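Asker: Numbering (my numbering), first residue to last: 31 to 423.
The beta-carbon is built from N, C-alpha and C at its ideal position, and this holds for glycine as well.
Note that this is a predicted model, so its numbers are computed, not measured.
Below are the structure tokens for one structure; questions will follow.
Right, here's the structure in full:
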């Protein structure tokens with residue numbers, strides 16, 4: 031069994047055309063990737079802020095080199111494994127945008143001591159702040175720390191007007207750590223779908239974050255970095271006065287959730303799963319493919335949006351959308367293609383052995399199922415490169 035798995039992986043690693051790939055396979059369209067990267071880079075420049083892209087979606091040095099073609103720049107990571115990986119490729123300015131535990135902080139500071147990386151941590155409680163003293167002593171490195179803000183009741187963090195904000199800041203300093211600023215993420219934006227609502231969410235995120243920074247400064251904390259961002263608010267912000275840096279991650283690839291929010295078009299989505307037709311049930315209007323939730327992920331992020339995309343939108347082998355064809359059901363290794371409920375369309379003729387591409391509900395979750403990207407460009411079947419991606423924590 032292991033020999034067969036290794037042989038299949040070897041075939042996909044050396045394939046020169048998508049026709050030769052073992053399916054399911056993760057494809058990355060280089061042209062779409064580059065357009066998406068350029069789009070947000072230009073917005074950040076116009077808004078007058080530094081862009082600190084989040085590498086949690088791509089998890090790939092090759093993608094990072096397209097974001098920073100000249101030299102490594104500032105990035106955000108979601109795991110210590112990512113930080114270690116990108117440090118090994120020369121990145122030195124990173125933010126670990128997950129609330130710290132003492133164990134993760136010690137591991138992060140050991141990386142800083144070993145490599146000289148400036149890996150900034152995230153916290154929102156006095157208990158975490160108090161733990162920093164032990165972290166500093168254990169690693170022999172002074173931690174750099176953000177206070178996480180809650181700007182929309184979405185996840186962790188302190189409200190910008192919470193009295194505990196100053197308590198946490200003071201305890202960070204007392205622990206001998208370096209308080210570098212405040213950080214927010216407007217997660218509520220993923221549930222929106224109109225330009226006006228997205229513009230408002232972006233302004234709410236900005237005003238909350240800037241207000242917290244001003245409070246800290248008024249009480250003697252320098253707070254040099256004011257960091258915010260999500261892919262939706264990054265694309266709809268009209269004013270980032272008082273903000274120093276913008277973060278976003280899924281914008282590099284986009285996905286069906288972002289399409290439903292109104293941030294991108296279907297032809298902006300840069301990754302897809304190549305799958306093979308393995309059967310059909312015409313009486314049910316089904317076509318079966320060899321990509322189930324192990325390849326696509328179980329993410330159903332569009333289920334609560336105006337248009338439910340099932341487990342993904344289906345395209346032909348060249349990447350052209352098949353109108354109203356979605357992955358309606360998924361089990362571990364089977365996907366069932368069908369026409370969207372309420373459509374008057376018919377299932378297209380997809381004979382046994384035909385290939386299709388499936389667009390992701392959530393690019394991060396789909397990509398996480400795979401070890402590498404087979405890089406293509408547009409509707410060409412040629413595989414231009416194989417790009418590694420990391421996994422784990």
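For the putative contact between residue 352 and residue 342, defined by C-beta atoms under 8 Å, what is the C-beta separation to the nearest angstrom?
Answerer: No, residue 352 and residue 342 are not in contact; Cβ-Cβ is about 12 Å, not under 8 Å.
Asker: What three-state label does DSSP hand residue 359 in the structure shown?
Answerer: Residue 359 falls in the strand class under three-state DSSP.
Asker: Based on the DSSP output, what are the partners of residue 153 in its beta bridges?
Answerer: For residue 153, which the question treats as bridged, DSSP gives the partners 177.
Asker: So what does residue 271 bridge to, in DSSP terms?
Answerer: None, per the DSSP bridge assignment.
Asker: Could you tell me how far apart the beta carbons of residue 274 and residue 79 are, in whole angstroms, since I believe they sit closer than 8 Å?
Answerer: Correct: roughly 6 Å between the Cβ atoms.
Asker: Straight-line CA distance for residue 261 to residue 89?
Answerer: Answer to the nearest angstrom: the Cα atoms are 17 Å apart.
Asker: Return the chain-ordered list of same chain residues with a C-beta closer than 7 Å to the C-beta of residue 172, the five sequence neighbours on each side being excluded.
Answerer: Cβ within range, chain order: 166, 206, 207, 208.
Asker: What are the boundary residues of the beta strand (DSSP E) that includes residue 309?
Answerer: From DSSP, the beta strand (DSSP E) with residue 309 extends over 301–311.
Asker: So, does the region 222–231 touch the region 276–296, judging by three or more C-beta pairs under 8 Å?
Answerer: Short answer: they touch.
Asker: Which of the three DSSP states is assigned to residue 84 in this structure?
Answerer: The answer is strand: DSSP assigns residue 84 an E or B state.
Asker: Under the three-state reduction of DSSP, which class applies to residue 344: helix, strand or coil?
Answerer: Looking at residue 344 - three-state DSSP - the assignment turns out to be strand.
Asker: Below 7 Å between beta carbons: does that hold for residue 53 and residue 306?
Answerer: Closer than 7 Å, so yes.
Asker: By the DSSP assignment, the beta strand (DSSP E) with residue 402 in it spans what residues?
Answerer: Taken as a continuous stretch (DSSP letters only), the beta strand (DSSP E) holding residue 402 covers 402–406.
Asker: I believe residue 142 touches residue 149 by the beta-carbon criterion, under 8 Å. Please report the beta-carbon distance rounded to the nearest angstrom.
Answerer: At roughly 5 Å, the Cβ-Cβ gap stays under 8 Å, so residue 142 and residue 149 are in contact.
Asker: Checking 7 Å against the spacing of the C-beta atoms, do residue 367 and residue 287 come in under that value?
Answerer: Against a cut-off of 7 Å, the Cβ pair of residue 287 and residue 367 comes out as no contact.
Asker: Buried or exposed for residue 337, please, with buried defined as at least 16 other CB atoms from any protein chain shown within 10 angstroms of its CB.
Answerer: Classification for residue 337: exposed.
Asker: Three-state secondary structure (DSSP) at residue 130?
Answerer: If DSSP states are grouped into helix, strand and coil, residue 130 belongs with coil.
Asker: Which runs of the beta strand (DSSP E) fall wholly inside the region 231–291 and span at least 3 residues, in chain order?
Answerer: If we require 3 residues or more, the beta strand (DSSP E) runs fully inside the region 231–291 come out as 255–258.
Asker: Tell me whether the beta-carbon of residue 132 lies closer than 7 Å to the beta-carbon of residue 161.
Answerer: Against a cut-off of 7 Å, the Cβ pair of residue 161 and residue 132 comes out as a contact.
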